[in-house]
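In our numbering, the protein residues as written are 120 to 339.
Okay, so here's the structure we're looking at.
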């Protein structure tokens, strides 16, 4: 384990020179310069704890520090901003002839976890199922009600729902067995699966089929 050392005055001078560079020559906003200063002081602190100077930092050091920050709860976006500041600093050190390579160049921040899709609340689902557009034909109202009930009752994907037919056939991607109260669908990876259809959805389906037949609407 490396013995922690105090950041040398030379490192402090390098940081100050770089901050002056981005302030005067690159004309960055004062707030941006202040954020760079915080990130570079953190870098100097980590380097001191590892027993190395800023000019001696290696890629392995940076990766270790990023892993520590991520493990400590720092977000991927926050780490990306820190890396951006460090990367610019070492690019400048390279132009100044202080380092032969940029230890941050190929380091990337951990990817942020993708949020799970939000599900409808029970109240929202009930409100959606109860919604009716008075301007629609009765059979369209019945169809939309049946689709909504199926989505909520059976947890179908929209692509699975739109591929359903009322009976099995060689061309059907999926179908509903009215007698068994099941929907047979073609899911992800072209895998077949069967899901139960709730009583409310079955009633809505049968009502839609009845209204559709009375209206003389051809099968969809």
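Glycine is no exception: its CB is placed at the ideal position from the N, C-alpha and C atoms.
Alpha carbon of residue i to alpha carbon of residue j, nearest angstrom
{"i": "residue 230", "j": "residue 291", "result": "40 Å"}
{"i": "residue 152", "j": "residue 314", "result": "58 Å"}
{"i": "residue 172", "j": "residue 198", "result": "21 Å"}
{"i": "residue 332", "j": "residue 300", "result": "21 Å"}
{"i": "residue 288", "j": "residue 281", "result": "15 Å"}
{"i": "residue 307", "j": "residue 283", "result": "15 Å"}
{"i": "residue 302", "j": "residue 260", "result": "21 Å"}
Closest by C-alpha distance to residue i, when choosing among the options
{"i": "residue 268", "options": "295, 286, 316", "result": "316"}
{"i": "residue 310", "options": "293, 299, 301, 318", "result": "293"}
{"i": "residue 136", "options": "166, 201, 209", "result": "209"}
{"i": "residue 166", "options": "325, 222, 274, 283", "result": "222"}
{"i": "residue 274", "options": "312, 284, 211", "result": "312"}
{"i": "residue 227", "options": "188, 302, 257, 215", "result": "188"}
{"i": "residue 200", "options": "138, 140, 282, 155", "result": "155"}
{"i": "residue 218", "options": "180, 174, 168", "result": "174"}
{"i": "residue 225", "options": "177, 144, 128, 146", "result": "177"}
{"i": "residue 342", "options": "170, 133, 190", "result": "Since the first residue of the chain shown is 120 and the last is 339, residue 342 is not available in this structure."}
Span of the alpha helix (DSSP H), counted from its first residue to its last, around residue i
{"i": "residue 156", "result": "149 to 169"}
{"i": "residue 308", "result": "That residue, residue 308, is in no alpha helix (DSSP H); it is neither H nor E in DSSP."}
Delimiting residues of the beta strand (DSSP E) encompassing residue i
{"i": "residue 228", "result": "Premise fails: residue 228 is in no beta strand (DSSP E) and is neither H nor E."}
{"i": "residue 315", "result": "311 to 315"}
Outcome for residue i when other beta-carbon atoms lying within 10 angstroms are tallied against a minimum of 16
{"i": "residue 304", "result": "buried"}
{"i": "residue 130", "result": "buried"}
{"i": "residue 186", "result": "exposed"}
{"i": "residue 330", "result": "buried"}
### Task
Count the C-beta pairs between the region 154 to 166 and the region 189 to 208 that are closer than 8 Å, then say yes if the count reaches three, no if not.
yes
#### Entry: At least 3 beta-carbon pairs within less than 8 Å: the region 260 to 279 vs the region 320 to 329
Contact holds: three or more Cβ-Cβ distances are below 8 Å.
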